[in-house]
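Q: Can you keep this structure in mind? I'll have questions shortly.
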Amino acid sequence: MDFQEILTFIRSLYPDREQIPLHEPIFSGNEKQYLADCVDSTFVSSVGKYVDTFERLIEEYTGAKKAVAVVNGTQALFVALKLANVRPETEVITQSLTFVATANAIHYTGAIPHFLDVDPDTMGLSPEILSKFLKESTVQKNGRLINLKTNREISAVVPMHTLGHPCRIEELSDICKEYNVSIIEDAAESLGSFVNGKHTGRFGLMGTLSFNGNKVITTGGGGMILTDDEELGRKAKHLTTTAKIPHKYEFIHDEIGYNFRLPNINAALGVAQMEKLPELLKSKTEIAKKYSDFFSRSPWEFVLEPSFAKSNYWLNAIKFKNLSERNSFLELSNQSGVMTRSFWKPMHQLNLYSSCPKGDLSITENLYETVVNLPSSPQQ
Ligand SMILES: Cc1ncc(COP(=O)(O)O)c(C=O)c1O
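Residue numbers for the sequence shown follow the working numbering, beginning at 35 and rising by one.
Right, dumping it as structure tokens:
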């Protein structure tokens with residue numbers, strides 16, 4: 035099998051398309067009707083029924099006790115970290131193999147990301163490596179977990195469910211309980227992904243979703259904070275709505291909050307998209323199956339969901355043998371109108387985060403050099 039055969043196969047998945055995008059949204063439901071309703075009612079901005087409905091639909095689907103809609107996934111993560119008491123000059127353990135928003139959200143709190151390696155199969159934070167690090171390199175002092183090397187407190191752990199495939203979140207959760215450190219899950223990519231029937235984003239203190247245009251469902255831009263702690267949910271709503279004390283006409287704010295609320299017009303899109311979520315996920319599973327069958331006859335490995343989990347297959351991916359093979363395919367496919375892309379450059383290799391503390395990151399580096407994301411839009 036050669037690269038041309040791969041491109042021909044991808045074209046067969048998305049026939050009659052000159053340019054094949056990596057992941058495009060489908061608006062085949064009530065989107066236009068709900069948007070028109072917002073315009074007709076004038077409720078396009080910060081209040082309106084769609085925000086509440088969208089939050090309830092996400093609560094029902096994920097099982098989270100509280101879902102709080104916000105402007106995007108990055109700020110959802112930032113607020114979740116703040117509410118988890120992540121403070122300046124503390125360290126937050128996360129994976130280097132992630133979109134820059136994960137590290138940025140940590141940085142916005144004043145904390146410092148500390149990068150550890152991922153598992154080769156899930157591509158998410160490795161429980162084994164986390165456990166080894168906590169055992170060998172930290173100590174408990176006055177109820178705080180201290181990094182022996184930097185003398186800074188470890189204030190949280192942020193795993194990410196890469197490309198929608200769940201990481202070993204149950205093991206990570208057990209380890210973090212043992213060391214009394216909070217998990218905030220970056221579930222931006224994993225709406226519709228479950229571990230043992232429990233939705234990703236629900237294994238730690240809080241989890242966050244993104245509804246950016248390239249995600250499984252989109253609100254244009256948007257995000258959600260998930261938590262089973264009702265008080266934290268209330269605080270998340272308060273902090274993201276300028277910390278205004280509800281009152282008919284007075285404007286009184288009891289702390290410095292943020293204007294991060296999701297506008298009603300974006301939530302209207304979200305409600306229509308949620309109505310279609312089962313269909314979208316079904317289509318994505320079917321596409322992944324077709325890719326998996328196709329690549330079983332190839333020298334390259336198709337990235338399957340981990341055996342213990344159900345993935346939304348947000349972005350399908352294959353592993354090439356080396357960097358030069360990966361680059362040749364990326365060049366050829368993008369030149370011929372089939373959009374593919376590599377993983378994000380690992381955070382520790384970006385100048386902005388290169389001086390952050392880190393462990394051995396050879397699995398991350400290998401995945402970066404070999405994995406390519408393939409067109410994964412649901413079919414119409
Ligand atoms: C892993 C990860 N974290 C965070 C984000 C940020 O989400 P948003 O673009 O909605 O701010 C994204 C996606 O964009 C992401 O893929």
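Built from N, CA and C at the ideal position, the CB exists for glycine as well.
Around the Cβ of Val73, are there at least 16 other Cβ atoms within 10 angstroms (buried) or fewer (exposed)?
A: Walking along the sequence shown from the start, residue 73 turns up at place 39. Classification for Val73: exposed.
Q: Tell me whether Ile397 sits in a helix, a strand or coil according to DSSP, three-state version.
A: In the sequence shown, the residue the question calls residue 397 occupies position 363. Three-state DSSP puts Ile397 in a helix.
Q: Three Cβ pairs or more, each shorter than 8 Å: is that satisfied between the segment 251–266 and the segment 235–242?
A: The answer is yes - the segment 235–242 touches the segment 251–266, with three or more Cβ pairs under 8 Å.
Q: If I'm right that Lys448 touches Glu219 with Cβ under 8 Å, what's the distance once you round it to whole angstroms?
A: This structure does not reach residue 448, given that the chain is present from 35 up to 414, and the question cannot be answered.
Q: Need the endpoints of the alpha helix (DSSP H) that Arg38 sits in, please.
A: The residue labelled residue 38 in the question sits at position 4 within the sequence shown. The sequence shown places Gln at residue 38, rather than the Arg named in the question. 37–47 is the span of the alpha helix (DSSP H), which, as asked, contains Gln38.
Q: Name the one or two DSSP bridge partners that Arg178 has.
A: Here residue 178 is taken as the residue at index 144 of the sequence shown, counted from 1. DSSP output for Arg178 lists Lys175 as bridge partner(s).
Q: Using DSSP with H/G/I as helix, E/B as strand and the rest coil, what is Asp86?
A: Within the sequence shown, the letter at position 52 stands for residue 86. It is helical.
Q: Could you give the first and the last residue of the continuous beta strand (DSSP E) run that contains Val102?
A: In the sequence shown, residue 102 corresponds to position 68, counting from 1. First-last of the beta strand (DSSP E) with Val102: 100–104.
Q: For the segment 331–351 and the segment 197–207, state whether three or more C-beta atom pairs, one from each stretch, are separated by less than 8 Å.
A: Cβ pair count under 8 Å is three or more, so yes.
Q: Any chance the segment 283–299 sits against the segment 46–56, with 3 or more Cβ pairs inside 8 Å?
A: Touching, no.
Q: Counting C-beta neighbours from all protein chains within 10 Å, is the total for Asp295 16 or more, i.e. buried, or is it exposed?
A: Stepping through the sequence shown from its first residue, residue 295 is reached at position 261. Reading off the sequence, residue 295 comes out as Arg, not Asp. Its Cβ being crowded by 16 or more others within 10 Å, Arg295 is buried.
Q: Which class does Asp74 belong to by DSSP, given the choice of helix, strand or coil?
A: In the sequence shown, counting from the first residue as 1, residue 74 sits at position 40. Here Asp74 sits in helix by DSSP.
Q: Given a threshold of 16 other Cβ atoms within 10 Å of its Cβ, counted over all protein chains shown, does Phe61 qualify as buried or as exposed?
A: For the purposes of this step, residue 61 is identified with residue 27 of the sequence shown, where counting begins at 1. So Phe61 ends up on the exposed side.
Q: Does DSSP classify Met308 as helix, strand or coil?
A: Within the sequence shown, numbered from 1, the residue matching residue 308 stands at position 274. DSSP places Met308 in helix when its eight states are reduced to three.
Q: Nearer than 7 Å: is that true of the beta carbon of Ala222 relative to any heavy atom of ligand 1?
A: Within the sequence shown, the letter at position 188 stands for residue 222. Ala222 Cβ: within cutoff of ligand 1.
Q: How many angstroms separate the CA atom of Pro409 from the CA atom of Gly177?
A: On the sequence shown, position 375 is the one that residue 409 refers to. On the sequence shown, position 143 is the one that residue 177 refers to. Their backbone Cα atoms lie some 47 Å apart in a straight line.
Q: With three or more C-beta pairs closer than 8 Å as the rule, is the segment 125–145 touching the segment 187–195?
A: These segments touch.
Q: Taking Cβ positions, are Val113 and Thr274 nearer each other than 8 Å?
A: For the purposes of this step, residue 113 is taken as the residue at position 79 of the sequence shown. For the purposes of this step, residue 274 is taken as the residue at position 240 of the sequence shown. Their beta carbons are under 8 Å apart, which means Val113 touches Thr274 by this criterion.
Q: Just checking Thr136 against ligand 1 - is the residue's beta carbon closer than 7 Å to any of the ligand's heavy atoms?
A: Counting from one through the sequence shown, the residue named residue 136 turns up at place 102. Thr136 Cβ: within cutoff of ligand 1.
Q: Check whether the Cβ atoms of Trp378 and Ile352 lie closer than 8 Å to each other.
A: Here residue 378 is taken as the residue at index 344 of the sequence shown, counted from 1. Here residue 352 is taken as the residue at index 318 of the sequence shown, counted from 1. Their beta carbons are not under 8 Å apart, which means Trp378 does not touch Ile352 by this criterion.
Q: Can you tell me whether DSSP reads Pro161 as helix, strand or coil?
A: Residue mapping note: residue 161 aligns to position 127 of the sequence shown, counting from 1. It is helical.
Q: Since I believe Glu125 is in contact with Pro391 (beta carbons under 8 Å), could you give me their beta-carbon distance rounded to a whole number of angstroms?
A: As a first step, residue 391 is located in the sequence shown; it is residue number 357 there, counting from the start. As a first step, residue 125 is located in the sequence shown; it is residue number 91 there, counting from the start. Right, the Cβ-Cβ distance comes to about 7 Å (below 8 Å), so this counts as a contact.
Q: For a quick check, are the C-beta atoms of Asn298 and Thr253 less than 8 Å apart?
A: Mapped onto the sequence shown, residue 298 falls at position 264. Mapped onto the sequence shown, residue 253 falls at position 219. Not closer than 8 Å, so no.
Q: Using the Cα positions of Leu115 and Asp208, report the straight-line distance between them to the nearest angstrom.
A: Translated into the one-based positions of the sequence shown, residue 115 becomes position 81. Translated into the one-based positions of the sequence shown, residue 208 becomes position 174. So the two alpha carbons sit approximately 19 Å from each other.
Q: Just checking my contact of Leu91 with Val305 at CB under 8 Å: how many whole Å lie between their CB atoms?
A: Indexing the sequence shown from 1 puts residue 91 at position 57. Indexing the sequence shown from 1 puts residue 305 at position 271. About 6 Å separates the two Cβ atoms, so the contact holds.
Q: Could you tell me how far apart the beta carbons of Glu403 and Leu357 are, in whole angstroms, since I believe they sit closer than 8 Å?
A: Taking the sequence shown and counting its residues from 1, one reaches residue 403 at position 369. Taking the sequence shown and counting its residues from 1, one reaches residue 357 at position 323. The Cβ separation is near 4 Å, so the contact holds.
Q: Taking the C-alpha atoms as reference points, what is the distance between His233 and Asn400?
A: Taking the first residue of the sequence shown as position 1, residue 233 is located at position 199. Taking the first residue of the sequence shown as position 1, residue 400 is located at position 366. One C-alpha to the other measures close to 29 Å.
Q: Short of 7 Å in beta carbon distance, which residues of its chain neighbour Leu182, apart from the five on each side in sequence? Order them along the chain.
A: Stepping through the sequence shown from its first residue, residue 182 is reached at position 148. Hits under 7 Å: Ser171, Thr172, Val173.
Q: Got a sec: does ligand 1 put a non-hydrogen atom nearer than 7 Å to the Cβ of Phe381?
A: Here residue 381 is taken as the residue at index 347 of the sequence shown, counted from 1. At residue 381 the sequence reads Met, which differs from the Phe that was named. No.
Q: Decide if Ile279 is buried, meaning its Cβ has at least 16 other Cβ atoms within 10 Å, or exposed.
A: Looking up residue 279 in the sequence shown gives position 245. So Ile279 ends up on the exposed side.
Q: Note down, in chain order, each residue of its chain lying with its Cβ closer than 6 Å to the Cβ of Gln109, except the 5 sequence neighbours on either side.
A: The residue you call residue 109 lines up with position 75 of the sequence shown. Cβ neighbours of Gln109 beyond the five flanking positions: Phe294.
Q: Starting from Asn407, follow its DSSP beta bridges and name the residues at the other end.
A: Numbered from 1 along the sequence shown, position 373 holds the residue referred to as residue 407. Answer is Ala351, Arg375.
Q: Who pairs with Glu265 in a beta bridge, going by DSSP?
A: Residue 265 sits at position 231 when you count from the first residue of the sequence shown. None; Glu265 has no bridge partner.
Q: Based on Cα-Cα distance, which residue from Ser79, Val152, Gln307, Val215 lies nearest to Gln67?
A: As a working note, residue 67 is residue 33 in the sequence shown. Taking only the C-alpha atoms, the option nearest Gln67 is Gln307.
Q: Give the single residue among Val406, Phe329, Val102, Ile397 whose Cα lies nearest to the Cα of Ile163.
A: Stepping through the sequence shown from its first residue, residue 163 is reached at position 129. Residue Ile397 is the option with its Cα nearest to Ile163.
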